[in-house]
Amino acid sequence: MKQLKRMLLLSILVMIVGIGAAFTLKVSIGVGAWDAVSQSIFYLSGIKVGTLGMMLNSACIVGQWVILRKDFHLRYLLQVPVTLLIGVVVNFILYDVLGAVVIDGYMMKLTLFLAALTVLSFAIAAMMVLDIVTFPLEAFCMALAGKTKWRFIAVRQSADISCILIAVLLTFGLSLPLTLREGTIIGMLLFAPLLGYFMKKVQPILQRFGLLDAEAEKIDADKNSIKAV
649 MKQLKRMLLL SILVMIVGIG AAFTLKVSIG VGAWDAVSQS IFYLSGIKVG TLGMMLNSAC
709 IVGQWVILRK DFHLRYLLQV PVTLLIGVVV NFILYDVLGA VVIDGYMMKL TLFLAALTVL
769 SFAIAAMMVL DIVTFPLEAF CMALAGKTKW RFIAVRQSAD ISCILIAVLL TFGLSLPLTL
829 REGTIIGMLL FAPLLGYFMK KVQPILQRFG LLDAEAEKID ADKNSIKAV
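For the sequence shown, our numbering gives the first residue as 649, with consecutive numbering after it.
Given below as C-alpha cells:
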C-alpha cells in the first residue's frame with residue numbers, strides 16, 4: 649500500500665511538472681536550456697514540444713543503457729512512463745487547453761512565468777525527496793560522470809551549455825523565434841534556491857505521512873540536481 653501511494657503521488661507530481669512546463673512555454677519569455685532545444689525544433693519542424701521532449705528524453709534513456717550496459721537496472725525504466733506522461737501533459741495543456749488563449753501584456757506573462765516556475769520547483773523538489781525516479785537528462789549525466797570520473801555538476805553544466813549553443817545556432821542559423829530570453833536567466837537564478845526551499849518544507853510532510861523509505865537518509869536541500877521539462 650505504501651508503494652502504491654508513493655507511485656500515485658509521483659504520477660501527480662509528474663503531471664504538475666508537465667503543467668508548469670506548458671505554462672513557461674506558453675508565455676514565451678524564455679525557457680531553460682533543455683526546453684529551448686525542443687521549442688526551437690518545434691519552430692523548425694512543427695512537431696509538438698511535448699512529443700519532442702519525449703524523443704529527447706528517450707534518447708537520454710538509451711544513452712544510459714549504452715553507457716551502463718549490465719549496470720542498467722530495471723528500475724531505471726521507470727523513466728519511460730515519466731517521460732511519456734510529461735510529454736502528454738505538456739501537449740494537452742499547451743495545445744488543447746491553452747492553444748486558443750491569448751496572453752496580453754508583459755507583466756501578465758512575467759507573473760504567469762514566475763508562478764509556473766514556483767510550481768515546477770515545488771513538484772520537482774517533492775519528486776527528489778520522494779526519490780523514486782530521476783529525470784532522464786540528469787540520469788544520463790550521472791551515468792556519464794560515473795563512466796568518465798568527471799564531476800556530475802561539470803557534466804550537467806556542459807549539457808546545459810551544449811543545449812544553449814544548439815538553440816542559439818538553430819535560432820540565428822535558421823531565423824527561428826528566440827527561445828532563450830529573460831525567462832531563461834530568471835530560471836537560472838531562482839530555480840535552485842526555490843528547489844532547496846521546497847525540499848526542506850516537503851521532506852517532513854512526506855515523512856509524517858509515511859511516504860519515504862524508512863532507510864532513506866535525510867536529503868540535503870542544496871543537493872546538486874535536476875532541470876524539468
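Quick reminder that beta carbons are idealized off the backbone N, C-alpha and C, glycines included.
Small disclaimer: the values here were computed from a predicted structure and weren't measured.
Separation of D752 from A791, as counted between CA atoms: 43 Å
Exposure label - Q727; buried when at least 16 CB within 10 Å: buried
Spatial neighbours of L732 in its chain, beta-carbon cut-off 7 Å, leaving aside the 5 residues before and after: M702
DSSP three-state assignment for T759, whether helix, strand or coil: helix
In chain order, each alpha helix (DSSP H) run of at least 4 residues that lies wholly inside the region 683–726: 697–716
Pick from N739, M836, A787 that is closest to I695, judged by C-alpha positions: N739
For Y743 and A681, the rounded distance between their alpha carbons: 21 Å
Close-in-space but distant-in-sequence residues of the same chain around N872 (CB under 8 Å, 5 per side omitted): Since pLDDT at N872 reaches only 43, below the 50 mark, its modelled position is unreliable, and the value read off the structure follows with that caveat. For N872, where only same-chain residues beyond five positions count, the Cβ hits under 8 Å are F800, I801, R804.
Three-state secondary structure assigned by DSSP to A621: With the chain covering 649 to 877 only, the question about residue 621 has no answer from this structure.
L722 versus K795: straight-line alpha-carbon distance, rounded: 19 Å
Helix, strand or coil at M836 according to DSSP, with G and I counted as helix: helix
Ranges of the beta strand (DSSP E) found wholly within the region 774–822, counting only runs of at least 3: none
Exposure of K674, with buried meaning 16 or more beta-carbon neighbours within 10 Å: buried
Three-state class that DSSP yields for L824 in the structure shown: coil
Helix, strand or coil at S659 according to DSSP, with G and I counted as helix: helix
Spatial distance of W725 from A787 (CA atoms): In the sequence as presented, Trp is not what sits at residue 725; that position holds Leu. For L725 and A787, the distance between alpha carbons rounds to 11 Å.
Beta-carbon proximity list for F770, same chain, < 7 Å, skipping 5 on both sides: F846
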